Amino acid sequence: TIILGIETSCDETGVGIVALDADGGVRLLADEVASSVEQHARFGGVVPEVASRAHLEAMVPTMRRAFDAAGLAMSDVDAITVTCGPGLAGALLVGVSAAKAYALSLGVPLYGANHLAGHIAAVTLEYGPLPQPCMALLVSGGHSQLLRVDDLATSITEIGSTIDDAAGEAYDKVARVLDLPYPGGPPIDAAARRGNPRAIAFPRGLTGPRDARHDFSFSGLKTAVARWVEAHEPEPVPIDDVAASFQESVADVLTMKAVRACQDEGIATLVVSGGVAANSRLKELAAERCAAAGIELRVPRPRLCTDNGAMMAALGAHLVAAGVKPSSLDLSANPALPVSTISV
Ligand code: ATP
Ligand code: MG
Ligand code: FE
Numbered sequence: 002t003i004i005l006g007i008e009t010s011c012d013e014t015g016v017g018i019v020a021l022d023a024d025g026g027v028r029l030l031a032d033e034v035a036s037s038v039e040q041h042a043r044f045g046g047v048v049p050e051v052a053s054r055a056h057l058e059a060m061v062p063t064m065r066r067a068f069d070a071a072g073l074a075m076s077d078v079d080a081i082t083v084t085c086g087p088g089l090a091g092a093l094l095v096g097v098s099a100a101k102a103y104a105l106s107l108g109v110p111l112y113g114a115n116h117l118a119g120h121i122a123a124v125t126l127e128y129g130p131l132p133q134p135c136m137a138l139l140v141s142g143g144h145s146q147l148l149r150v151d152d153l154a155t156s157i158t159e160i161g162s163t164i165d166d167a168a169g170e171a172y173d174k175v176a177r178v179l180d181l182p183y184p185g186g187p188p189i190d191a192a193a194r195r196g197n198p199r200a201i202a203f204p205r206g207l208t209g210p211r212d213a214r215h216d217f218s219f220s221g222l223k224t225a226v227a228r229w230v231e232a233h234e235p236e237p238v239p240i241d242d243v244a245a246s247f248q249e250s251v252a253d254v255l256t257m258k259a260v261r262a263c264q265d266e267g268i269a270t271l272v273v274s275g276g277v278a279a280n281s282r283l284k285e286l287a288a289e290r291c292a293a294a295g296i297e298l299r300v301p302r303p304r305l306c307t308d309n310g311a312m313m314a315a316l317g318a319h320l321v322a323a324g325v326k327p328s329s330l331d332l333s334a335n336p337a338l339p340v341s342t343i344s345v
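Residue numbers (UniProt numbering): 2 to 345.
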């Protein structure tokens with residue numbers, strides 16, 4: 002069974018193709034991504050109208066590249082999964098409209114599915130079937146959540162989330178303070194590896210004894226970094242040390258809370274996904290702390306952590322295998338789709 006995945010929730014036009022084998026195995030056949038990130042860089046954030054237009058231009062060429070890479074024809078497709086939320090309304094609509102047109106013309110079932118569940122499904126492309134229940138730490142540009150996954154096709158429960166900024170958003174904002182390019186994750190990660198993570202004691206948000214156990218807060222950290230830099234001007238900013246100390250705070254809080262969530266829920270597998278899961282220190286500390294707590298850790302390779310179509314195809318394979326009912330062709334985009342709604 003060949004499943005096509007289409008992703009346009011933000012600034013990446015992703016087209017992925019997987020094969021769902023008779024034994025339930027999922028094989029990645031193509032993963033093509035066209036990003037408009039450079040068009041947004043000078044604005045320091047994604048400009049919705051620019052993203053929508055870029056999706057329109059990239060959709061057909063990206064689709065062609067994916068089918069070429071897989072050595073398949075459009076007529077080989079047996080089912081289509083498309084991100085229908087959460088994300089930018091105009092951006093989502095481009096993918097949803099394309100997916101509906103392809104599903105209608107090919108006469109195959111269409112699954113409108115959740116982008117965040119897709120990020121979790123990405124891990125199955127690398128590690129095979131997901132042990133369930135598992136805990137997912139989803140950390141991206143728009144989200145920082147702890148999700149209890151009882152069944153990736155039907156049951157995801159949010160047990161914690163950020164009360165202000167997402168982890169990736171904090172990276173992007175701190176990068177701006179340090180005059181590093183957008184998106185901030187990769188350059189901060191690189192600078193941090195040259196710096197001293199203990200140089201500056203930045204705050205660890207919501208880790209006090211009275212704080213909600215599973216929620217996150219990164220806006221205080223972001224402000225603390227900005228204040229520190231302001232207070233030391235006009236001296237040259239020790240960018241590497243600031244980046245390393247900031248990164249240490251983020252990784253410390255995320256891994257501490259993820260391990261605690263697994264322990265509270267009696268769960269033995271932790272999945273870390275979303276763009277920030279590409280972070281080197283987060284992966285290192287998660288590996289250390291999971292090993293100490295006897296928790297199995299699964300993190301997709303960086304390319305599968307950031308937005309892509311392969312993860313939506315992988316989620317589609319899971320929905321097909323579970324016998325979930327396809328969406329109707331009047332499917333629409335839902336920018337605020339809750340994570341508990343895995344497919345519509
Ligand atoms: P969402 O999935 O919440 O809708 P999104 O799709 O924009 O948001 P992703 O593409 O999953 O988010 O992730 C992008 C984010 O990941 C950006 O904020 C970026 O700075 C961050 N990021 C990417 N690489 C790294 C890294 N190595 N370290 C830290 N953050 C990173
Ligand atoms: Mg992106
Ligand atoms: Fe994403």
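We put the beta carbon where it would ideally sit given N, CA and C, even for glycine.
None of these values were measured; they are calculated from a predicted model.
If the five residues before and after Glu58 are omitted, its C-beta is found closer than 6 Å to no C-beta atom of its own chain. Assigned with DSSP and collapsed to three states, Phe44 falls in coil, not helix or strand. With 16 or more other Cβ atoms inside 10 Å of its own Cβ, Ser37 counts as buried.
With three or more CB-CB distances shorter than 8 Å, the segment 180 to 193 counts as touching the segment 272 to 280. With contacts defined by Cβ atoms closer than 8 Å, Leu139 and Ile160 do not form a contacting pair. At least one heavy atom of the ligand ATP lies less than 7 Å from the C-beta of Cys11. In the DSSP assignment, Ile81 forms a beta bridge with Leu5, Leu111. Contact between Thr63 and Ala314 does not hold, since the beta-carbon distance rounds to 13 Å and is not under 8 Å. Under the three-state reduction of DSSP, Cys291 is assigned to helix. If you look at Ile160, you'll find it isn't in any alpha helix (DSSP H); it sits in the beta strand (DSSP E) that goes 156 to 162. In chain order, the residues positioned with their C-beta nearer than 5 Å to some heavy atom of the ligand FE are Ser141, Asp308. When distances are taken from the beta-carbon of Gly88 to the heavy atoms of the ligand ATP, the shortest one is below 7 Å. A check of alpha carbon separations from Pro301 across Leu105, Asp77, Val273, Gly206 identifies Val273 as the nearest. By the Cβ test, the segment 240 to 256 is in contact with the segment 281 to 293, since at least three Cβ pairs between them sit closer than 8 Å. Remark: C-beta atoms of Thr9 and Thr125 do not approach each other more closely than 8 Å. Ser141 and Ala123 do not touch by the CB rule: their CB atoms are close to 11 Å apart, not below 8 Å.
Secondary structure at Val238: coil, using DSSP grouped into helix, strand and coil.
In this structure, Ser53 sits near Gly91, with a CB-CB distance shorter than 8 Å. Within the segment 136 to 200, complete alpha helix (DSSP H) segments of at least 4 residues are found at 168 to 178, 186 to 195, given in chain order.
Under the three-state reduction of DSSP output, Leu330 falls in the coil class, being neither helix nor strand.
Within the DSSP bridge table, the entry for Arg205 names no partner. No heavy atom of the ligand ATP is found nearer than 7 Å to the CB of Asp79. The closest CA to that of Leu305, considering only Pro184, Leu29, Ser156, Ala200, is found on Leu29. Counted as a single uninterrupted DSSP element, the beta strand (DSSP E) harbouring Ser274 occupies residues 270 to 274.
Remark: the shortest separation between the CB of Asp241 and any heavy atom of the ligand ATP does not fall under 7 Å. For the set Phe217, Gly169, Leu153, Gly186, the Cα lying nearest the Cα of Ala323 is the one of Leu153. When the five nearest sequence neighbours on each side are left out, the beta carbons in the same chain lying within less than 6 Å of the beta carbon of Gly119 are those of Met312, Met313, Leu316, in order along the chain. His144 has its Cβ nearer than 7 Å to a heavy atom of the ligand ATP. Taking the Cβ of Glu39 as the reference point, every heavy atom of the ligand ATP lies at 7 Å or farther away. An exposed status is given to Asn197, since fewer than 16 other beta-carbon atoms sit within 10 Å of its beta-carbon. In the structure shown, the three-state DSSP call for Val321 is helix.
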